[in-house]
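If you're matching positions, the sequence shown starts at 13 in the numbering used here and goes up one per residue.
Structure first, commentary second.
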Amino acid sequence: MTEEERYLFDLQGYLVVEDALEPEEVEELNRLLDACDLWNQPRGHDADLDYWANDENFFHVSPPHRWGRPFLELVGNPRIVGHLRELLGPGFRYDHGHALFMRKPSTALELHGGATPWDPVISYGVAGGVIHSGLTVVAYGLCDVGPDDGGFVAVPGSHKANFACPDGFLALDDPGPWLKRIPHRAGSAVIFTEALTHGTLPWTADHERRALLYRYTPGHMAFVGRYRQDGRSEPDWAYPRPADAPDDDLNQELRRLLEPPYAWERPDSVGQT
Ligand SMILES: O=C(O)CCC(=O)C(=O)O
């Protein structure tokens, strides 16, 4: 990260990285998503996609690593991994991801996240000049987002808030000046710590909103429940593992990013062969 990016991420809790994807990459990812026809796939227990719908015009669906090689390789996007290394530490790992789709008129997704109350997974701190971000999101915009289109919104600086976000703000019924809309061009990545209070405004543009949200943790930490043993474990396909990346030299870095969480003698995820 540049000095300017580090300053802005620490100050705001998010950063916009323009051109994180080339226009051809945006085009290809959109073409593959069109082919998946995700608005019309079966939903329910037997389906091999996991849907979460806010309303009929706004849903999340996972897991993107199964939708073709470009989605898998995006986990190790060379334009982004340097940022993640600095924010999460050298052993950072990919935890899970999903695609987000919205059409107008949609509802809002209420504000969530925030530094207070303290949550060790959804956390942000700086010690000795080193950033320690917990669960951190890279949200790739696959369409342009204008200033009045709706979509992602955040309370800048709330990743260091000492008081909980007031209940009256959460529902986004009356979006006040404390909220920051983040217009960006297709191909931009909005990197944010989940400790930032954030949510989604209703989508109002004529075109569909599409974003890919890839979530990372420090190497010792998992957010999703794939390691649980209480009978609620996710199906095998739900979360990626090193074996999902072809076992050749080119993919050693990707395989390290797909490692499960552990700490002892964990190798650096990027920057080595
Ligand atoms: O990009 C957005 O609209 C925010 C989505 C979000 O907060 C989430 O998926 O938890």
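Heads up, the beta-carbon is just placed ideally off N, CA and C, and yes, glycines get one too.
From a predicted model like this one, the values you see are computed outputs, not experimental measurements.
The residues Val38, Leu41, Asn42, Ala198, Arg222, Ala223, Leu224, in chain order, have a CB closer than 7 Å to that of Leu154 in the same chain once the five nearest residues on each side in sequence are set aside. A distance below 6 Å between beta-carbons, with the five flanking residues on each side excluded, links Leu50 to the following residues of its chain, in chain order: Val73. By the neighbour-count definition (other C-beta atoms within 10 Å, threshold 16), His232 is an exposed residue.
With a cutoff of 7 Å on beta-carbon distance, Val29 and Ala201 are scored as near each other.
Ala207 has its alpha-carbon roughly 33 Å from the corresponding atom of Pro54. Three or more Cβ pairs closer than 8 Å define a contact, and the region 98-107 falls short of that threshold against the region 177-190. Pairwise C-beta distances place the region 150-167 in contact with the region 208-216, as three or more of them are shorter than 8 Å. Taking 7 Å as the cut-off, the beta carbon of Arg91 is found no closer than this to the beta carbon of Val149. Going by DSSP, Val167 is part of no beta strand (DSSP E) at all; its letter is neither H nor E.
For Glu85, there is no enclosing beta strand (DSSP E); the enclosing alpha helix (DSSP H) has its first and last residue at 81-85. For Phe164, the Cβ falls inside the 6 Å cut-off from some heavy atom of ligand 1.
Assigned with DSSP and collapsed to three states, Asp46 falls in helix. Asp256 has its alpha-carbon roughly 31 Å from the corresponding atom of Gly25.
Beyond the five residues adjoining it in sequence on each side, Asn174 comes within less than 8 Å, by CB distance, of Ala127, Thr128 in the same chain, given in chain order. As DSSP reads the structure, Met114 sits in a beta bridge with Phe70, Arg221.
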